[in-house]
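Undergrad: Using UniProt numbering, the first residue of the sequence shown is number 1, and each one after it goes up by one. I'd like to ask you about the structure that follows.
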Amino acid sequence: MSAAIPKPKAEHKVRKGETYDKIGKKYGFRNFDDIWKYPKNAALVKLRKDPKSIQPDDIVVIPAYNDEERKEIQDRQRKYLYAANMEKLAASRFADQAAADRKLADAIDRMAAEHKAAGDAYMKEYLKSVKKADNWSKGVDYANMVFGIVNALRGLVLKSAQATQALAKNAAKEFEKISNSLIADSKVFMYAPLISEGTKAAGKALTDQKSGPLGDFMIFGGVVIESIGKWSSPSFYGQTVSLLAEGKGWSEASTFDLQKDCKDCLTKMKTEQIQIQKLAKQKAAAARNRAAWADNAAKAAQKRQKECTEEAKKRP
1 MSAAIPKPKA
11 EHKVRKGETY
21 DKIGKKYGFR
31 NFDDIWKYPK
41 NAALVKLRKD
51 PKSIQPDDIV
61 VIPAYNDEER
71 KEIQDRQRKY
81 LYAANMEKLA
91 ASRFADQAAA
101 DRKLADAIDR
111 MAAEHKAAGD
121 AYMKEYLKSV
131 KKADNWSKGV
141 DYANMVFGIV
151 NALRGLVLKS
161 AQATQALAKN
171 AAKEFEKISN
181 SLIADSKVFM
191 YAPLISEGTK
201 AAGKALTDQK
211 SGPLGDFMIF
221 GGVVIESIGK
231 WSSPSFYGQT
241 VSLLAEGKGW
251 SEASTFDLQK
261 DCKDCLTKMK
271 TEQIQIQKLA
281 KQKAAAARNR
291 AAWADNAAKA
301 AQKRQKECTE
311 EAKKRP
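This is the structure in structure tokens:
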């Protein structure tokens, strides 16, 4: 389909002695060819062949736009087409941001739920081990289990604290990495308790903490690191196991109550869980608000794009 021919501005009747260039200048055309090649002058072109041959009383149809008007139209078209393209780009970016925000909100909700599940699993395992210890005559096995629990809890609480800090800093990738590691640790603990690591592994892990970010105090119970030597020494271990084997409770067999330390550790972990859930709720709500804003902005950009495209097609 050919483009519609714009309506003419005027019909000019050639006067005696009037040349084509004078006619062009009168209507603002620097080049008479723009008038001569105007489709509505086809009959005149066929008759005279050359603009220099025009005669008095010939009718020359003047196009709707002269050079300046055409330039203004082209400039306006370029302006609105550029605006339309920018709005299209903005709409695309807003849509991408909305999708990313919705994905982040869902991920934060999911990770907060996994944190809670992991903490609940540890608490259940701890209570089960304490109940089992009340009537346990095999002190060696129980001592190993307790040290395994302490070692696992130490890592869980530390990672929970790190996850809380990451979430507070809007470090979504860091939070996800820590969370995935924490959940993996939880599954290892649930399906393969760290009993086999015994006092040697637990003692080393806790002693290593001395040079870590927590300084001279362990992550749980406020127990001073220097006490670790007592935990892992053969005499302390042997004495504790012997007393446990005789039916004494853990607090009676050791110089401090390790069961209480485990419980304190879990309490601290629960506090971190609450903080994580609170922060996660805030971050997820903020992400959903951003997603809603981005959706609205994308719709507005699409509407504006359509308006700009239509405006670019208009003629004065």
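All C-beta atoms in this analysis are idealised placements derived from N, C-alpha and C, irrespective of residue type, glycine included. Predicted model only: the values in this text are computed from it and were never measured.
Less than 9 Å between the beta carbons of V14 and V60, yes or no?
TA: In contact: V14 and V60 (Cβ atoms closer than 9 Å).
Undergrad: From T309, A91, K22 and Q77, pick the residue whose C-alpha is nearest to that of A291; which is it?
TA: Comparing Cα-Cα distances from A291 to each of T309, A91, K22 and Q77, the minimum goes to A91.
Undergrad: Should the segment 85 to 104 be regarded as contacting the segment 297 to 311, the criterion being three or more beta carbon pairs within less than 8 Å?
TA: These segments touch.
Undergrad: For the pair the segment 94 to 102 and the segment 39 to 50, tell me if three or more CB-CB distances fall below 8 Å.
TA: Touching, no.
Undergrad: Could you check the C-alpha separation between residue 325 and A300 for me, to the nearest Å?
TA: Any property of residue 325 remains undetermined from this structure, which presents the chain solely from 1 to 316.
Undergrad: From the DSSP output, in three-state form, read off I54 for me.
TA: Three-state DSSP puts I54 in coil, outside helix and strand.
Undergrad: In whole angstroms, give me the CA-to-CA distance for E310 and W36.
TA: Each residue's Cα considered, the two are about 30 Å apart.
Undergrad: Beta strand (DSSP E) containing K13: first to last residue?
TA: Unbroken beta strand (DSSP E) run through K13: A10 to K13.
Undergrad: What are the partner residues of I62, as DSSP defines its beta bridges?
TA: I62 is bridged to A10.
Undergrad: Between the alpha carbons of K230 and R288, how many angstroms are there, rounded?
TA: Per-residue confidence for K230 stands at a pLDDT of 41, beneath the threshold of 50, marking its modelled position as unreliable; the derived number appears in the next sentence. Using only the alpha carbons, I get a separation of about 52 Å.
Undergrad: Keeping to the same chain, check which residues put their C-beta closer than 7 Å to that of L22; ignore five residues upstream and five downstream.
TA: In the sequence as displayed, the identity of residue 22 is Lys instead of Leu. Closer than 7 Å at the Cβ level, and outside the excluded window around K22, lies no residue.
Undergrad: What residue range does the alpha helix (DSSP H) around R30 cover?
TA: Looking at the DSSP string, R30 is not in any alpha helix (DSSP H), and its letter there is neither H nor E.
Undergrad: Within 10 angstroms of the Cβ of P63, are there 16 or more other Cβ atoms? Answer buried if so, exposed if not.
TA: Buried: at least 16 other Cβ atoms inside 10 Å.
Undergrad: Identify whether T19 lies in helix, strand or coil by the three-state DSSP scheme.
TA: Looking at T19 - three-state DSSP - the assignment turns out to be coil, as it is neither helix nor strand.
Undergrad: Anyone know if the C-beta pair for D101 and A294 falls short of 9 Å?
TA: Yes, these two residues count as a Cβ contact at 9 Å.
Undergrad: Here's a check: name, in chain order, each residue in its chain whose Cβ is nearer than 7 Å to the Cβ of Y38, leaving out the five neighbours to either side.
TA: Once the five neighbours on either side are set aside, the close Cβ partners of Y38 are V61 and P63.
Undergrad: Helix, strand or coil for K37? Go by DSSP, reduced to three states.
TA: Coil at K37, not helix or strand.
Undergrad: Which term fits D208, buried or exposed, when burial requires 16 or more other beta carbons within 10 angstroms of its beta carbon?
TA: With a pLDDT of 42 at D208, under the threshold of 50, the modelled position of that residue is not reliable, and the figure given next carries that caveat. Its Cβ having fewer than 16 others within 10 Å, D208 is exposed.
Undergrad: From the DSSP output, in three-state form, read off K49 for me.
TA: Of the three classes helix, strand and coil, the one that applies to K49 here is coil, per DSSP.
Undergrad: Flag this pair as yes or no: are the beta carbons of H12 and K26 separated by less than 9 Å?
TA: Yes. Within cutoff.
Undergrad: Would residue 317 be called buried (16 or more neighbouring beta carbons within 10 Å of its own) or exposed?
TA: Here the chain has residues from 1 to 316 only, and residue 317 is not among them.
Undergrad: Using three-state DSSP, classify E307 as helix, strand or coil.
TA: Helix.
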